[in-house]
Amino acid sequence: MPAFSLGSAICKHVSATLRRQWRPTNGRSPGNDNSDFYFALGYSLAKAGDPAGAAQAYQNAIRLDPENPENYLGLAVVQMRLGQFDAAIQTYEGVIARDPANSGGIYGTIASVLLQQGESQRAVQLLEQVMPRYPNEVKLRLPLAVAYLQQGDYDRGLQALEEVAQLDPGNPQIYLQMARIHEERGNIDAANTAFRSASIAAPNDPNVAFAQGNFLANQGMHIMATARFREVTQLAPENPEGFYRLALVLADRNRREEAITALEQARQLYQQRGDTAGLQQVDALLTELR
Numbered sequence: 061m062p063a064f065s066l067g068s069a070i071c072k073h074v075s076a077t078l079r080r081q082w083r084p085t086n087g088r089s090p091g092n093d094n095s096d097f098y099f100a101l102g103y104s105l106a107k108a109g110d111p112a113g114a115a116q117a118y119q120n121a122i123r124l125d126p127e128n129p130e131n132y133l134g135l136a137v138v139q140m141r142l143g144q145f146d147a148a149i150q151t152y153e154g155v156i157a158r159d160p161a162n163s164g165g166i167y168g169t170i171a172s173v174l175l176q177q178g179e180s181q182r183a184v185q186l187l188e189q190v191m192p193r194y195p196n197e198v199k200l201r202l203p204l205a206v207a208y209l210q211q212g213d214y215d216r217g218l219q220a221l222e223e224v225a226q227l228d229p230g231n232p233q234i235y236l237q238m239a240r241i242h243e244e245r246g247n248i249d250a251a252n253t254a255f256r257s258a259s260i261a262a263p264n265d266p267n268v269a270f271a272q273g274n275f276l277a278n279q280g281m282h283i284m285a286t287a288r289f290r291e292v293t294q295l296a297p298e299n300p301e302g303f304y305r306l307a308l309v310l311a312d313r314n315r316r317e318e319a320i321t322a323l324e325q326a327r328q329l330y331q332q333r334g335d336t337a338g339l340q341q342v343d344a345l346l347t348e349l350r
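So this is what it looks like as structure tokens:
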């Protein structure tokens, strides 16, 4: 049995056990006056794939312990899974009301919910309003950058991302986002700098190496792209995309035999995954090279 299936089975077993404990005994439930019990039940049901049941359990936990922010956080998460975005926002506001001094990240979460609903202007208004209270909160500035970008305001979006990078310089995703925006806008030097910053922040991240390899290939820097894609195949040897992209740049450099070797490895990995589309693109390139 796959590991993830075993984990799911364990969660379901725990949920069933907690549900049995939840059943009334002589008119009473063993946990009916214990908010921790309902919190644990909510967590277990959420893990087992029952967000509706989890929401009910978290609501019981809130009823018994309305001052515990963790109960609200649990409820908000499952409300998001249920698509109850407005309810989730109200629940997050319950967290803020009980711990305003440490709620900068919660405002950022609310903004992210608004962004998922396509309400970027509401997100911007909220974030700009609370930003002065939490000037160093990365979780506020990142959704603000996303909101600006959704509105097509790339200058302010990039500025917000640069501020996030100053606060969280070890986060490669920030630099990757900046690099992609610069590349789309034709600012190649700035994009190259951002990709290098991402690589410095996460030298062993195959996703960073893959993104930078694509950028270098798009700019015709095939030798450097080859080096990056070779790194991808070493960092993520189970990923066929790395071998396929390596084969493409090798083919562009007329290194046919090496390209074919990379394609054969990609083909084997795609086949293991049952990826028909991947197999088709590999076979098409193999036909060209042979």
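Residue 121 in my numbering sits at position 61 of the sequence shown, and the numbers go up by one each step. Glycine is no exception: its CB is placed at the ideal position from the N, C-alpha and C atoms. For clarity, every value in this text was computed on a predicted model and none was experimentally measured.
Have a look at the options and flag the residue whose alpha-carbon is nearest the alpha-carbon of residue i.
i, options, result
"residue 332", "138, 300, 108, 345", "300"
"residue 237", "205, 133, 346", "205"
"residue 326", "302, 313, 317", "302"
"residue 188", "278, 220, 158", "220"
"residue 122", "136, 191, 109", "136"
"residue 261", "284, 273, 229", "229"
"residue 275", "328, 293, 246", "246"
"residue 180", "201, 208, 168", "208"
"residue 345", "162, 335, 311", "311"
"residue 170", "193, 194, 140, 218", "140"
"residue 280", "144, 309, 253, 174", "309"
"residue 174", "241, 210, 278", "210"
"residue 350", "330, 320, 334, 328", "320"
"residue 322", "248, 342, 241, 152", "342"
"residue 158", "128, 176, 182", "128"
Reducing DSSP to helix, strand and coil, say where residue i ends up.
i, result
"residue 163", "coil"
"residue 25", "Nothing about residue 25 can be read from this structure; the chain reaches only from 61 to 350."
"residue 237", "helix"
"residue 348", "helix"
"residue 109", "coil"
"residue 273", "helix"
"residue 125", "coil"
"residue 168", "helix"
"residue 212", "coil"
"residue 323", "helix"
"residue 262", "coil"
"residue 140", "helix"
"residue 219", "helix"
"residue 40", "With the chain covering 61 to 350 only, the question about residue 40 has no answer from this structure."
"residue 335", "coil"
"residue 315", "coil"
"residue 120", "helix"
"residue 229", "coil"
CA-CA distance, residue i and residue j?
i, j, result
"residue 156", "residue 307", "52 Å"
"residue 234", "residue 94", "42 Å"
"residue 126", "residue 213", "41 Å"
"residue 106", "residue 113", "8 Å"
"residue 282", "residue 318", "14 Å"
"residue 199", "residue 148", "17 Å"
"residue 285", "residue 270", "9 Å"
"residue 324", "residue 316", "12 Å"
"residue 203", "residue 268", "21 Å"
"residue 102", "residue 160", "25 Å"
"residue 72", "residue 339", "With a pLDDT of 46 at residue 72, under the threshold of 50, the modelled position of that residue is not reliable, and the figure given next carries that caveat. Cα to Cα, the separation comes out at about 37 Å."
"residue 348", "residue 304", "14 Å"
"residue 134", "residue 254", "36 Å"
"residue 295", "residue 110", "36 Å"
"residue 166", "residue 190", "11 Å"
"residue 215", "residue 252", "18 Å"
"residue 225", "residue 231", "7 Å"
"residue 329", "residue 162", "47 Å"
"residue 178", "residue 293", "37 Å"
"residue 153", "residue 266", "38 Å"
"residue 223", "residue 273", "26 Å"
Am I right that residue i and residue j are in contact with their C-beta atoms under 8 Å? What's the rounded C-beta distance?
i, j, result
"residue 197", "residue 164", "4 Å"
"residue 115", "residue 138", "5 Å"
"residue 239", "residue 258", "7 Å"
"residue 248", "residue 217", "Not confirmed; about 19 Å, so no contact."
"residue 227", "residue 201", "7 Å"
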